[in-house]
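Visitor: Pasting a structure here, questions to come.
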Amino acid sequence: RADEARGYAELLISNAIRYGDRHKATMELADYWLLEKQLVHKLFKVLVPRLENCNFSYTRMYKAPRDYPGMYYRKSVLELRGNPYPSLLPDYTNNRNLIHNVLLDEARKDYRREKLAELADKIASESAVNAEKVGSEGDAKKAENVE
Numbered sequence: 001r002a003d004e005a006r007g008y009a010e011l012l013i014s015n016a017i018r019y020g021d022r023h024k025a026t027m028e029l030a031d032y033w034l035l036e037k038q039l040v041h042k043l044f045k046v047l048v049p050r051l052e053n054c055n056f057s058y059t060r061m062y063k064a065p066r067d068y069p070g071m072y073y074r075k076s077v078l079e080l081r082g083n084p085y086p087s088l089l090p091d092y093t094n095n096r097n098l099i100h101n102v103l104l105d106e107a108r109k110d111y112r113r114e115k116l117a118e119l120a121d122k123i124a125s126e127s128a129v130n131a132e133k134v135g136s137e138g139d140a141k142k143a144e145n146v147e
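Number 37 in full-length UniProt numbering belongs to position 37 of the sequence shown; there are no gaps in the numbering.
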């Protein structure tokens, strides 16, 4: 049902954009489909200027969750693009400043800092052991050369 309504809404908006409010057939279509007459004015004064440069569909259709237990009818929500209200889908793109993400980032930095310090200590101790071996081997060679 929502997909049928979406087709009619798209047709009404596209005709309003294409022909304007002076076209008799478009006005009859708007008068037939829009039961509240103030919405006819809103269509031409608000929606047409907002959507006239839109290169894609004017509406979005979302599947709404079903009530369980209850009737097993599919529900949908039809949303006009560019409306001033928040979107029905949450925006997950800008969540770096949420408190749990900040805390996780700092914990990750601390963990990496500790691991790098451990690695540096391990490399330093290995290089000290290698230096001692090289130094003792050099002393042994010097002693052999002296004899």
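The C-beta atom is built at its ideal place from N, Cα and C for all residues, glycine as well.
#1: According to DSSP, simplified to helix, strand and coil, what is L39?
#2: What does M27 pair with, by DSSP beta-bridge criteria?
#3: Is Y62 helix, strand or coil when you go by DSSP?
#4: Which residues in the same chain have their Cβ closer than 6 angstroms to the Cβ of Q38, if we skip the five residues on either side of it in sequence?
#5: Kindly list the residues whose CB is nearer than 8 angstroms to the CB of N101, restricted to its own chain and excluding five residues on each side of it in sequence; keep chain order.
#6: Work out the CA separation of D3 and Y58 for me, nearest whole Å.
#7: Using DSSP with H/G/I as helix, E/B as strand and the rest coil, what is E52?
#8: Start and end of the alpha helix (DSSP H) containing S14?
#9: I'd like to check one pair, P65 with K75: are the Cβ atoms closer than 9 angstroms?
#10: Taking 9 angstroms as the cut-off, decide whether the C-beta atoms of F44 and A25 are in contact.
#11: In the DSSP assignment, the beta strand (DSSP E) including S76 goes from what residue to what residue?
#12: Helix, strand or coil: how does DSSP classify Y72 here?
#13: My guess is that R22 and L78 are in contact by the Cβ rule of under 8 angstroms, so how many angstroms apart are they, rounded?
Guide: Based on what the coordinates show:
#1: Counting from 1 along the sequence shown, the entry for residue 39 is found at position 39. Looking at L39 - three-state DSSP - the assignment turns out to be helix.
#2: For the purposes of this step, residue 27 is identified with residue 27 of the sequence shown, where counting begins at 1. Its beta-bridge partners do not exist; DSSP assigns none.
#3: What you label residue 62 is simply residue 62 of the sequence shown in a count that begins at 1. Looking at Y62 - three-state DSSP - the assignment turns out to be strand.
#4: In the sequence shown, the residue the question calls residue 38 occupies position 38. Answer for Q38: no residue qualifies.
#5: Taking the sequence shown and counting its residues from 1, the one referred to as residue 101 is at position 101. Around N101: N95.
#6: For the purposes of this step, residue 58 is identified with residue 58 of the sequence shown, where counting begins at 1. For the purposes of this step, residue 3 is identified with residue 3 of the sequence shown, where counting begins at 1. Near 13 angstroms, if we compare the C-alpha coordinates of D3 and Y58.
#7: As a working mapping, residue 52 is identified with position 52 in the sequence shown. E52: coil per DSSP, three-state reduction.
#8: Your numbering for residue 14 matches position 14 in the sequence shown. First-last of the alpha helix (DSSP H) with S14: 2-19.
#9: Within the sequence shown, numbered from 1, the residue matching residue 75 stands at position 75. Within the sequence shown, numbered from 1, the residue matching residue 65 stands at position 65. Their beta carbons are under 9 angstroms apart, which means K75 touches P65 by this criterion.
#10: Numbered from 1 along the sequence shown, position 44 holds the residue referred to as residue 44. Numbered from 1 along the sequence shown, position 25 holds the residue referred to as residue 25. Cβ atoms of F44 and A25: not closer than 9 angstroms.
#11: The residue given as residue 76 occupies position 76 in the sequence shown. Element bounds for S76: 75-80.
#12: Translated into positions along the sequence shown, residue 72 becomes position 72. Reduced to three states, the DSSP call for Y72 is coil.
#13: Numbered from 1 along the sequence shown, position 22 holds the residue referred to as residue 22. Numbered from 1 along the sequence shown, position 78 holds the residue referred to as residue 78. At roughly 28 angstroms, the Cβ-Cβ gap does not stay under 8 angstroms, so R22 and L78 are not in contact.
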